[in-house]
Amino acid sequence: MKAQTKETIAAYGFLTPNLLGFLLFTSLPVMASLVLSFCKWDALSGPPVFVGVDNFIQLFQDELFWKYSYNTVFMMLSIPLSMAGSLILALALNQKLKGIVVFRTLYFLPTICSGVAIYMLWKLIYNPDFGVLNMMIAKAGEMVGLTLKGPYWLHDEAWSKPALIIMGVWQTVGGYNMVLYLAALQGVPRDFYDAAEVDGANSWHKFWAVTWPQISPTTFFIAIMSVIGGFQAGFDPAYVMTGGGPNGSTTTLIYYLYNSAFSWNQMGYAAAIAWVLFVIVFMFTILQWRFYGRTVHY
Amino acid sequence: MNAEQLKRRHRQRQFVKKTGAYIFLTIGAVTMVGPFLWMVSTSLKNPGDVFSYSKVWWSEWIPTKFVWQNYVQAWHVVPFAKFYLNSIFVSFAITLGQVATSAMAAYSFARLRFPGRDRLFFAYLATMMVPGAVTMIPVFILLEKLGWVDTFKAMILPSMFTAYGTFMLRQFFMTLPRDLEDAAKIDGCSYTGIFWRIILPLSKPALATLTTFTFMGSWMSFMWPLIVMNTHEKFTLPIGLAYFQSLHGTDWTLLMAGSLMMILPILLVFMFNQRFFVEGIKLSGIKG
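Heads up: the protein sequence lines correspond to chains C and S, in order.
Read in numbering that gives the first Met the number 0, the first sequence has 174 at position 175, and its numbers run on one by one without any break.
Read in numbering that gives the first Met the number 0, the second sequence has 34 at position 35, and its numbers run on one by one without any break.
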């Protein structure tokens with residue numbers, strides 16, 4: 000047998016397990032879901048019925064879809080907040096201090112433990128009557144002689160989204176983004192700062208003239224990844240903490256998709272939501288590349 | 000101003016800057032850890048004390064009496080031990096499957112030449128952009144047709160193959176020196192031998208990183224198990240805990256005890272594998 004034939008056989012041998020799984024659980028499903036998005040199907044009675052672009056027309060006329068899209072985008076306010084926090088923490092950690100590892104470990108805890116347990120904890124924290132947050136607000140008020148009453152948080156349509164955003168910032172601020180920023184800060188050449196000092200720059204100037212442009216690839220990377228993640232986020236916390244309420248104020252697109260498919264058996268409609276999501280994510284990637292492409296400093 | 004004075008001023012400014020940084024970082028650390036302390040404190044409280052309120056600012060943070068019984072009780076109101084075993088089994092199976100199949104495919108992509116390699120690899124890369132939401136529904140329908148819904152297979156199999164793991168390991172394998180392999184080939188070593196005896200031992204850090212991330216990801220996985228599982232006895236911890244909440248939503252002491260028991264193994268994994276996190280992030284620039 001020729002060496003090349005042998006190599007090809009070996010190569011496909013190594014690929015087979017992954018390739019089979021890939022075909023069965025990724026490639027075929029992607030195509031199936033595209034087909035499904037043009038069908039009506041309740042997954043119970045009979046085969047799917049082809050309805051053309053009806054699902055998409057219905058979707059764009061669906062007030063709930065627009066409401067939940069707005070929710071999804073609104074919750075992404077946590078991205079700039081968390082990124083700014085990560086950068087500030089990374090700048091503080093970058094001062095060659097002792098005990099960096101301790102701080103980094105503590106900051107990482109919320110990221111590591113993300114999940115149902117943490118959402119349950121925050122549901123308790125946000126409890127309007129005996130939650131520790133409102134208790135602290137009330138006590139802080141007493142100290143200065145005021146009667147303060149915290150908001151109803153998860154029970155109030157106006158406060159439910161900010162509540163989830165605050166939790167989201169707490170969860171992500173000291174995690175992967177901070178580590179990425181720390182690595183980026185350590186990669187900025189010392190000479191640049193020395194040169195800026197010779198020119199008489201203070202810390203503020205140095206940050207904007209040297210640090211910020213130098214770490215912009217990292218900022219760019221984190222922003223893109225977060226936005227892409229943001230469009231698909233929001234199911235787990237909302238399911239555990241609010242059930243999507245009050246009055247749908249914490250339902251995001253992925254939650255709507257879940258309900259459409261698995262609560263209301265509208266498989267075709269849900270597939271259409273998935274594809275809209277996919278297109279948004281895809282366009283955002285390209286748009287961001289174009290937009291940031293000019294300001295990113297390589 | 001002489002040099003001595005300048006030096007002293009510089010040192011003073013450094014001191015102020017560092018002190019400021021410490022204060023700031025400490026406030027940050029308290030904010031990060033505070034909620035966890037609340038979790039611990041609630042889990043040890045007398046159920047009635049959860050609703051108590053006093054004038055002293057710190058009094059709610061320390062239980063008046065440590066009720067260890069909460070942990071025992073949390074273990075018994077729902078089949079917590081079952082959830083634990085299920086989670087361990089499912090997470091191990093997913094991790095083992097994912098690391099093994101990814102490593103094999105990555106070796107093929109990184110080191111072997113075969114027709115269609117680059118196109119196939121591009122297809123893998125392209126799917127990394129596809130949101131999980133797109134494949135979720137068809138995979139569920141497929142599992143239903145196979146009669147696998149509400150079985151461990153439904154939780155494990157779809158999560159066993161990822162383009163991401165393949166991509167990450169391939170990038171790492173590409174950086175390994177080829178000399179050892181060439182020498183082994185001359186000695187008549189088979190491809191399997193090279194993979195097993197050279198590539199894998201050299202890739203321990205990357206494999207450890209992927210293992211850690213995959214394990215933690217599957218331990219916390221919520222949405223997919225929620226979709227495919229119905230029988231309580233087969234629940235993993237995350238959906239088991241949510242089920243617990245649906246039954247005893249106001250038993251905060253028990254809920255917090257259960258939550259703590261759920262995150263404990265993750266904390267241990269993190270403490271022992273911490274360097275893999277930092278390395279892993281740098282290695283591939285991945286998130287979550």
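Glycine included, each C-beta is placed from N, C-alpha and C at the ideal position.
Residues sharing a beta bridge with residue i, DSSP
i, result
"C/Phe261", "Answer is none; C/Phe261 lacks a bridge partner."
"C/Val48", "C/Lys39"
For residue j and residue i, believed in contact at Cβ under 8 Å, the rounded distance
i, j, result
"S/Val133", "C/Ala273", "5 Å"
"S/Phe113", "C/Ala10", "4 Å"
"C/Ile180", "C/Ser85", "Note that residue 180 of chain C is Tyr in the sequence shown here, rather than Ile. Indeed they touch by this definition, with Cβ atoms about 5 Å apart."
"S/Pro290", "C/Pro28", "The requested residue 290 of chain S does not occur in the structure, where chain S is confined to residues 0 to 287."
"S/Tyr163", "S/Met135", "Not quite, the Cβ-Cβ distance comes to about 16 Å (not below 8 Å), so this is no contact."
"S/Phe221", "C/Gly114", "7 Å"
"C/Thr251", "C/Tyr67", "6 Å"
"S/Leu253", "S/His247", "6 Å"
"S/Ser217", "S/Thr18", "That belief does not hold up - the Cβ atoms of S/Ser217 and S/Thr18 are roughly 43 Å apart, past 8 Å."
"S/Leu119", "C/Glu6", "That belief does not hold up - the Cβ atoms of S/Leu119 and C/Glu6 are roughly 15 Å apart, past 8 Å."
"S/Thr235", "S/Pro224", "5 Å"
"C/Ser44", "C/Gly267", "13 Å between Cβ atoms; not a contact."
"S/Ile197", "S/Glu180", "6 Å"
"C/Ala42", "C/Asn264", "5 Å"
"C/Val168", "C/Ser81", "5 Å"
"C/Gln185", "C/Asn93", "7 Å"
"C/Pro47", "C/Lys39", "7 Å"
"S/Ala102", "S/Leu206", "7 Å"
"S/Val49", "C/Phe129", "6 Å"
"C/Gly149", "C/Asn133", "3 Å"
"C/Phe258", "C/Lys160", "A quick correction: the sequence has Asn, not Phe, at residue 258 of chain C. C/Asn258 to C/Lys160, Cβ: 18 Å. No contact."
"S/Ser258", "C/Ala89", "In fact, because the Cβ distance is near 29 Å, the residues do not count as touching under 8 Å."
Residue i: CB within 8 Å of a non-hydrogen atom of the ligand FAD
i, result
"C/Val239", "Questions concerning the ligand FAD fall outside what the structure shown contains, since it holds no ligand whatsoever."
Where the alpha helix (DSSP H) through residue i begins and ends
i, result
"S/Met255", "251-271"
"C/Ala194", "189-197"
"S/Trp74", "68-76"
"S/Asp289", "Since the first residue shown for chain S is 0 and the last is 287, residue 289 of chain S is missing from the structure and cannot be characterised."
"S/Pro204", "203-219"
"S/His9", "2-42"
"S/Ile140", "131-144"
"C/Lys160", "156-171"
"S/Gly164", "162-173"
"C/Met74", "62-74"
"S/Trp223", "222-227"
"C/Leu22", "Counting along the chain, C/Leu22 falls outside any alpha helix (DSSP H), and DSSP gives it neither H nor E."
"S/Ser107", "79-110"
"S/Met159", "Looking at the DSSP string, S/Met159 is not in any alpha helix (DSSP H), and its letter there is neither H nor E."
"C/Leu153", "Note, C/Leu153: premise wrong, no alpha helix (DSSP H); not H, not E."
"C/Ser77", "77-92"
"C/Asp53", "53-59"
"S/Gly115", "Unbroken run through S/Gly115: none, as it is neither H nor E."
"S/Phe243", "236-246"
"S/Met154", "151-155"
"S/Thr191", "190-193"
The region 102-114 of chain S contacting the region 162-169 of chain S, beta-carbon criterion three pairs below 8 Å: Output reads yes: the region 162-169 of chain S touches the region 102-114 of chain S.
Cβ contact check for the region 151-167 of chain S and the region 185-194 of chain S: 3 or more pairs under 8 Å: Contact between the region 151-167 of chain S and the region 185-194 of chain S is absent, because fewer than three Cβ pairs lie under 8 Å.
Indicate whether the contact test is met: 3 or more Cβ pairs, each with one atom in the region 66-84 of chain C and one in the region 147-164 of chain C, closer than 8 Å. A contact exists between the region 66-84 of chain C and the region 147-164 of chain C.
Check whether the region 107-124 of chain C and the region 168-184 of chain C are in contact - that is, three or more C-beta pairs closer than 8 Å. Using a Cβ-Cβ distance cut-off of 8 Å, the region 107-124 of chain C and the region 168-184 of chain C are in contact, since at least three pairs of beta carbons, one from each stretch, lie closer than that value.
What are the complete alpha helix (DSSP H) segments, minimum 4 residues, inside the region 181-251 of chain C? 189-197, 202-205, 215-230, 234-240
Taking contact to mean at least 3 C-beta pairs separated by less than 8 Å, is the region 258-267 of chain S in contact with the region 127-146 of chain C? The region 258-267 of chain S is not in contact with the region 127-146 of chain C.
For the pair the region 31-39 of chain S and the region 120-136 of chain C, tell me if three or more CB-CB distances fall below 8 Å. yes
The region 145-155 of chain S in contact with the region 82-102 of chain S per 3-pair CB rule at 8 Å: yes
Given 8 Å, three or more beta-carbon pairs between the region 183-203 of chain C and the region 246-262 of chain C: no
Enumerate, from N- to C-terminal direction, the unbroken alpha helix (DSSP H) stretches of 4 or more residues contained entirely within the region 110-136 of chain C. 115-124
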